[in-house]
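Worksheet: one structure, shown below.
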Amino acid sequence: MSTNVKMRTLLEGLSGKGIEIRVGSLARYTAENGVLVGISCGRTRGRFTLPPKLLGIRPEKWDKGAQTFFGDHVSMGRLNMVPKELEDRLNQLDTRARRVLYSHTLNGSYMPLTEFEEFKGEFEEVREEYFRTIDLVVAQWDTIRANFLAGVEKIIETKGKRAMLKRDREKLLRELTARIPTAQEYRARAKMEVTVRAFPSTGGTATGLAPDLQDLVDQTWKDDVTANIVRSIESNLGEIFAKACTIATDYGKTGKVNTRSLNTLVRSASRVKKMNVFANPMLEKLAGSLSAITNDDMDRAEWQVEEAIVDAWNYARSTGITLDMALCPFDEKALESMLAARSVAPAIGA
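Just so you know, we're using our numbering here: the sequence shown kicks off at 49 and counts up by one.
Structure (structure tokens):
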């Protein structure tokens, strides 16, 4: 199947609404219905690495290959200045912010306009907690710094007496001390920000570009338009497929449907249902069916999960969408048999 036919199949729902399936129309539709959103998180990590010699390791005496490997892959004696509990909390908030973004985007970056206000509210909650934790670190900075330097000095004196001269130990401690930022610097370097960009509705034009370069710019824009759509559909189909496969794998081992996993699938299906911006018919079908699954009839739930797996697999192979088949408990032959059986077996609950 050609790329053009695949796109037309993926976007049957849009064409049914009168949207032309060509790059210009799709770009305008994409720009009118969503924005590109990103998150930028950062802070001073306060990580310091002790020299290998201090730990009794002498890579300078090794052959070149071993030295290269050590330099590329081994980090010995890395010290974190910020206490583990606080650093772990900041890392968790980093992850939470990115999960909030993912839950409101189709492919990790393209966000329907209808999602933005809800996303902004959830993100702001995480951001406020992030900076409350940053401020907690700042409030304890003098104590953190003093405890860190006392610990480093003890390590240097304990481990370094035989490995390093006294003046080298003193120099190392001075260098580490000089690299520690002030509380104000730590606070100023902390960030958790949202970036929002409009999706380009037309190809880029710039005065003075050579024709062949302008052609490349235009082609890149066209590729971006189609790639954004394909990634959006692929990501959401892949999410439903993965969660359905998890359930099928579990009941294959235990003989029963895991209620928690089923509820997770229902939530994912509900999310996909409201975010099907490109009106993909398969996403509409799967999301509509799976968002209504209940725990009342586990036999029917099991059947619906298997039907969803077969539908997603069959649709993916006919359109060129990529699914992670390593997650699927059924091989190609089994899926073919399940698909063929539909024509001879009535649906459960039909």
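Backbone N, C-alpha and C fix where the C-beta goes; we use that ideal spot for every residue, glycine too.
Residue from the options whose Cα sits closest to the Cα of residue i
i                 : options                        : result
threonine 250     : Lys270, Gln232, Ser318         : Lys270
alanine 226       : Arg193, Ala296, Glu332         : Arg193
arginine 91       : Pro160, Ile204, Asp183         : Asp183
phenylalanine 171 : Ile67, Ala145, Val130          : Ala145
proline 248       : Gly169, Met373, Gly72          : Gly72
alanine 198       : Asp298, Glu135, Gly86, Leu127  : Leu127
asparagine 81     : Arg93, Gly94, Ile67, Ile87     : Ile67
tryptophan 351    : Met159, Arg237, Leu338, Asp379 : Leu338
aspartate 372     : Ser366, Lys381, Ala360, Ala382 : Ala360
glycine 156       : Leu84, Ser391, Ala356, Lys381  : Leu84
methionine 159    : Thr78, Ala389, Lys304          : Thr78
phenylalanine 179 : Glu163, Glu241, Ala364, Cys376 : Glu241
isoleucine 87     : Lys239, Ala374, Lys304         : Lys239
lysine 132        : Leu264, Arg390, Phe196         : Phe196
aspartate 347     : Lys381, Lys322, Gly303         : Gly303
glutamate 176     : Ala388, Cys89, Gly94, Thr116   : Cys89
leucine 387       : Arg147, Glu355, Arg95          : Glu355
isoleucine 228    : Asp272, Leu264, Arg93          : Arg93
tryptophan 189    : Asp263, Val174, Glu173, Thr230 : Thr230
proline 377       : Val314, Val305, Asp298         : Asp298
methionine 323    : Leu141, His152, Lys381         : His152
arginine 390      : Asp260, Asp379, Asn362         : Asn362
asparagine 306    : Arg279, Ala349, Arg319         : Ala349
Where residue i falls: helix, strand or coil (DSSP)
i                 : result
cysteine 89       : strand
methionine 129    : coil
methionine 212    : coil
phenylalanine 164 : helix
lysine 399        : The structure shown does not extend to residue 399, since the chain is modelled only from 49 to 398, so the question has no answer here.
arginine 70       : coil
threonine 97      : strand
serine 50         : In this predicted model, serine 50 has a pLDDT of only 40, less than 50, meaning its place in the structure is not dependable; the value taken from the coordinates is given anyway. Of the three classes helix, strand and coil, the one that applies to serine 50 here is coil, per DSSP.
threonine 191     : helix
threonine 230     : coil
arginine 56       : helix
glycine 199       : helix
leucine 154       : coil
threonine 243     : strand
methionine 82     : One point to set straight first is that residue 82 is glycine, not methionine, in the sequence displayed. The answer is strand: DSSP assigns glycine 82 an E or B state.
alanine 236       : helix
valine 185        : helix
asparagine 139    : helix
glycine 251       : coil
Supposed contact pair residue j and residue i - C-beta distance, whole angstroms, cut 8 Å
i              : j              : result
lysine 291     : serine 316     : 5 Å
leucine 138    : threonine 191  : With 8 Å as the limit, leucine 138 and threonine 191 do not qualify as a contact, their Cβ atoms being about 18 Å apart.
serine 63      : arginine 56    : 7 Å
leucine 74     : isoleucine 277 : 7 Å
alanine 327    : lysine 112     : That pair is no contact at about 59 Å.
valine 186     : arginine 235   : 5 Å
isoleucine 369 : alanine 296    : Going by Cβ atoms, the distance from isoleucine 369 to alanine 296 rounds to 19 Å, so no, they are not a contact pair.
lysine 321     : glycine 300    : Between glycine 300 and lysine 321 the Cβ distance is about 27 Å, and since that is not below 8 Å, they are no contact.
leucine 134    : isoleucine 281 : Contact doesn't hold; Cβ gap of about 41 Å is too wide.
cysteine 293   : leucine 383    : Not a contact, Cβ separation roughly 11 Å.
valine 30      : leucine 154    : Coverage of the chain is limited to positions 49 through 398, which leaves residue 30 absent and any answer about it impossible.
Residue i beta carbon near the ligand PLP (any heavy atom closer than 7 Å)
i           : result
leucine 387 : With respect to the ligand PLP, the structure shown offers nothing to examine, as it has no ligands at all.
Inset, instruction - Run through the region 334–398 for me and flag every whole alpha helix (DSSP H) of 4 or more residues, listed as ranges in chain order. - result: 346–367, 380–389
Inset, instruction - Assess, as a yes-or-no matter, whether the region 196–205 is touched by the region 221–241 under the definition of 3 or more beta carbon pairs within less than 8 Å. - result: yes
Legend entry - Start-end ranges of the alpha helix (DSSP H) lying completely within the region 256–329, minimum 4 residues: 259–302, 307–322
Legend entry - the region 323–343 / the region 281–290 touching (three or more Cβ pairs under 8 Å): Remark: three or more beta-carbon pairs, one from each stretch, lie closer than 8 Å, so the region 323–343 and the region 281–290 are flagged as touching.
Inset, instruction - Count the CB pairs spanning the region 157–176 and the region 128–135 that are closer than 8 Å, and state whether there are at least three. - result: no
Inset, instruction - Decide if the region 337–353 is in contact with the region 306–323; the criterion is three or more beta carbon pairs, one per stretch, under 8 Å apart. - result: Contact holds: three or more Cβ-Cβ distances are below 8 Å.
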